[in-house]
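Those protein sequences? They're chains A and B, same order as listed. With the UniProt record's numbering, letter number 102 in the first sequence gets 102, and the count goes up by one each step, no holes. With the UniProt record's numbering, letter number 16 in the second sequence gets 16, and the count goes up by one each step, no holes.
Number of protein chains: 2
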Amino acid sequence: MAKHERNNWKDIYPTPIYTLASFDMELPRTQKIKTYYVLKSKDWVNVIPITKEGKILLIRQFRHGLGEISLEIPGGIVDEEGRDASLVSAKRELREETGFTAKDENYELLSKFSGNPAMFTNWSYSYIAKDVEKTGPVEFDEGEDIEILLASPEEVKQYLVEGKIHHPHMAAALGLYFLKQERT
Amino acid sequence: MAKHERNNWKDIYPTPIYTLASFDMELPRTQKIKTYYVLKSKDWVNVIPITKEGKILLIRQFRHGLGEISLEIPGGIVDEEGRDASLVSAKRELREETGFTAKDENYELLSKFSGNPAMFTNWSYSYIAKDVEKTGPVEFDEGEDIEILLASPEEVKQYLVEGKIHHPHMAAALGLYFLKQERT
Numbered sequence: 001m002a003k004h005e006r007n008n009w010k011d012i013y014p015t016p017i018y019t020l021a022s023f024d025m026e027l028p029r030t031q032k033i034k035t036y037y038v039l040k041s042k043d044w045v046n047v048i049p050i051t052k053e054g055k056i057l058l059i060r061q062f063r064h065g066l067g068e069i070s071l072e073i074p075g076g077i078v079d080e081e082g083r084d085a086s087l088v089s090a091k092r093e094l095r096e097e098t099g100f101t102a103k104d105e106n107y108e109l110l111s112k113f114s115g116n117p118a119m120f121t122n123w124s125y126s127y128i129a130k131d132v133e134k135t136g137p138v139e140f141d142e143g144e145d146i147e148i149l150l151a152s153p154e155e156v157k158q159y160l161v162e163g164k165i166h167h168p169h170m171a172a173a174l175g176l177y178f179l180k181q182e183r184t
Numbered sequence: 001m002a003k004h005e006r007n008n009w010k011d012i013y014p015t016p017i018y019t020l021a022s023f024d025m026e027l028p029r030t031q032k033i034k035t036y037y038v039l040k041s042k043d044w045v046n047v048i049p050i051t052k053e054g055k056i057l058l059i060r061q062f063r064h065g066l067g068e069i070s071l072e073i074p075g076g077i078v079d080e081e082g083r084d085a086s087l088v089s090a091k092r093e094l095r096e097e098t099g100f101t102a103k104d105e106n107y108e109l110l111s112k113f114s115g116n117p118a119m120f121t122n123w124s125y126s127y128i129a130k131d132v133e134k135t136g137p138v139e140f141d142e143g144e145d146i147e148i149l150l151a152s153p154e155e156v157k158q159y160l161v162e163g164k165i166h167h168p169h170m171a172a173a174l175g176l177y178f179l180k181q182e183r184t
């Protein structure tokens with residue numbers, strides 16, 4: 001497969017979450033130069049929180065792209081920097097969005113998915129947090145208004161099968177979590 | 001949960017795949033007006049192609065957002081319009097990217113995922129295509145250069161577990177496919 005060099009980067013429009021940008025690339029088969037558009041973003045993170053009783057903590061929140069209430073796991077932007085940034089962000093998002101926390105040793109990296117390899121530059125990390133419990137109040141961002149619910153693994157599988165969990169990163173994380181469980 | 005009305009839509013910057021746009025919304029708890037940015041896009045589609053021998057057809061292609069070769073299932077933009085548009089697009093993408101096709105009756109809608117509910121307006125449809133076979137040449141878009149490979153379901157599960165399939169929509173579709181199989 002041909003080399004793919006992305007040259008002549010230009011920032012076009014910044015938003016609070018990502019910056020629309022462009023670069024030029026030689027097409028692999030024709031050697032013509034084409035301009036591509038991508039979204040430069042910080043990494044994202046989400047976390048599958050599991051209680052001592054084996055329930056999975058889900059959240060419901062309005063999502064501005066789709067314009068609908070979405071059933072998800074907690075998650076957000078990796079705002080921290082440095083070593084273990086995505087893990088620190090996962091802990092913060094879980095605490096802020098739900099008031100639930102887990103001991104540090106109960107966090108485990110499940111996997112990372114691309115933000116969307118066709119158009120985003122970033123990665124989205126998925127963690128598992130075991131034995132989560134309610135330890136404090138929620139601290140919503142100004143635009144957030146989140147409801148939580150606890151569901152059994154069987155119920156979460158059913159939500160996936162029925163298409164009720166349709167955030168791609170979170171469906172991918174939960175699917176992978178169940179796949180790994182099945183194999184162990 | 002509060003009403004969420006998205007008013008005063010503005011198109012900011014069009015790209016060939018999506019248009020960066022904004023709208024204003026009243027924050028649910030403070031009643032302040034805030035501007036949100038979203039990406040208006042046509043729907044997307046992908047397809048899990050399964051051969052008569054039970055192998056899953058995967059593709060490898062360069063992805064411009066991530067800047068890396070990505071292991072995926074075939075997919076693309078729903079360019080067709082009207083009834084069954086996503087199904088027609090799924091068939092076209094499979095044929096163009098791999099030269100493989102399946103009989104019409106062998107396509108089945110698996111699920112649909114949001115483009116990304118936080119930032120995209122669109123949906124991404126996932127189909128299963130059974131008994132696919134090579135029936136013609138590939139017809140790549142000008143920027144495409146795609147390799148195909150056939151993998152057993154067990155190998156695909158291993159790729160997922162190892163994080164080698166990291167396109168979120170495609171990992172979600174494959175995870176859901178295996179989850180549904182386990183439950184039947």
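Each residue gets a CB set at the ideal place from its N, CA and C atoms; glycine is no exception.
Hey, quick one: how far does the alpha helix (DSSP H) through residue i stretch, first residue to last?
i: residue 137/A; result: Segment: none, residue 137/A is in no alpha helix (DSSP H) and carries neither H nor E.
i: residue 174/B; result: 168-182
Is the closest heavy atom of the ligand ZN to the C-beta of residue i under 7 Å?
i: residue 133/B; result: Ligands displayed in this structure: none; no statement on the ligand ZN is therefore possible.
What number of angstroms, rounded off, separates the C-alpha of residue i from the C-alpha of residue j?
i: residue 116/B; j: residue 54/B; result: 31 Å
i: residue 67/A; j: residue 157/A; result: 24 Å
i: residue 10/B; j: residue 22/B; result: 5 Å
i: residue 170/B; j: residue 56/A; result: 23 Å
i: residue 90/B; j: residue 97/B; result: 11 Å
i: residue 3/A; j: residue 45/B; result: 27 Å
i: residue 174/A; j: residue 87/A; result: 18 Å
i: residue 125/B; j: residue 107/B; result: 12 Å
i: residue 155/B; j: residue 64/B; result: 26 Å
i: residue 119/B; j: residue 29/B; result: 21 Å
i: residue 131/B; j: residue 104/B; result: 11 Å
i: residue 122/A; j: residue 77/A; result: 11 Å
i: residue 109/B; j: residue 82/A; result: 42 Å
i: residue 159/B; j: residue 48/B; result: 15 Å
i: residue 27/B; j: residue 20/A; result: 25 Å
i: residue 127/A; j: residue 8/A; result: 35 Å
i: residue 146/B; j: residue 93/A; result: 38 Å
i: residue 60/B; j: residue 75/B; result: 12 Å
i: residue 51/A; j: residue 139/A; result: 20 Å
i: residue 37/A; j: residue 95/A; result: 35 Å
i: residue 99/B; j: residue 134/B; result: 6 Å
Should residue i go down as buried or exposed, given a rule of 16 or more other Cβ atoms within 10 Å for buried?
i: residue 184/B; result: exposed
i: residue 101/A; result: buried
i: residue 31/B; result: exposed
i: residue 13/A; result: exposed
i: residue 136/A; result: exposed
i: residue 149/A; result: exposed
i: residue 181/A; result: exposed
i: residue 142/B; result: exposed
For residue i, return the contacting residues in chain B, with the cut-off set at a CB-CB distance below 8 Å.
i: residue 114/A; result: 63, 65, 66, 70, 166, 167, 168
i: residue 157/A; result: 179, 183
i: residue 50/A; result: What residue 50/A touches in chain B: nothing, since even the nearest Cβ is about 17 Å away.
i: residue 121/A; result: 65, 66, 67
i: residue 13/A; result: 12, 13, 20
Under 7 Å between beta-carbons, which chain B residues line up against residue i? List them in chain order, please.
i: residue 118/A; result: 63, 64, 65
i: residue 90/A; result: Within 7 Å Cβ-Cβ: nothing; residue 90/A doesn't reach chain B, min ~16 Å.
In the DSSP output, which residue or residues are listed as bridge partners for residue i?
i: residue 99/B; result: Paired residues: none, contrary to the question.
i: residue 153/A; result: Residue 153/A is not bridged to any residue.
i: residue 41/A; result: 18/A
i: residue 50/A; result: 56/A
i: residue 147/B; result: 60/B
i: residue 7/B; result: 24/B
i: residue 35/A; result: 24/A
i: residue 13/A; result: 20/A
i: residue 129/A; result: 49/A, 107/A
Listing by chain order, which chain A residues have their CB less than 8 Å from the CB of residue i?
i: residue 27/B; result: 142, 143
i: residue 124/B; result: 168
i: residue 30/B; result: 142
Run through chain A and tell me which residues come within less than 7 Å of residue i, C-beta to C-beta.
i: residue 36/B; result: 64
i: residue 160/B; result: 176, 179
i: residue 6/B; result: 67
i: residue 190/B; result: What the structure shows of chain B is the stretch from 1 to 184, and residue 190/B is not part of that stretch, so it cannot be assessed.
i: residue 172/B; result: 168, 171, 172, 175
Give the interface partners of residue i over in chain B, defined as CB-CB distance under 9 Å, in chain order.
i: residue 21/A; result: Result: empty, since nearest Cβ-Cβ is about 10 Å, beyond 9 Å.
Need the endpoints of the beta strand (DSSP E) that residue i sits in, please.
i: residue 120/A; result: Careful: residue 120/A lies outside any beta strand (DSSP E) and carries neither H nor E.
i: residue 60/B; result: 56-63
i: residue 75/B; result: 75-77
i: residue 112/B; result: 107-114
i: residue 69/A; result: 68-72
Which residues of chain D have a Cβ atom closer than 8 Å to the Cβ of residue i, listed in chain order?
i: residue 39/B; result: The structure shown contains no chain D; the protein chains it does contain are A and B.
At a CB-CB cut-off below 9 Å, which residues of chain A make contact with residue i?
i: residue 17/B; result: 37, 118, 119
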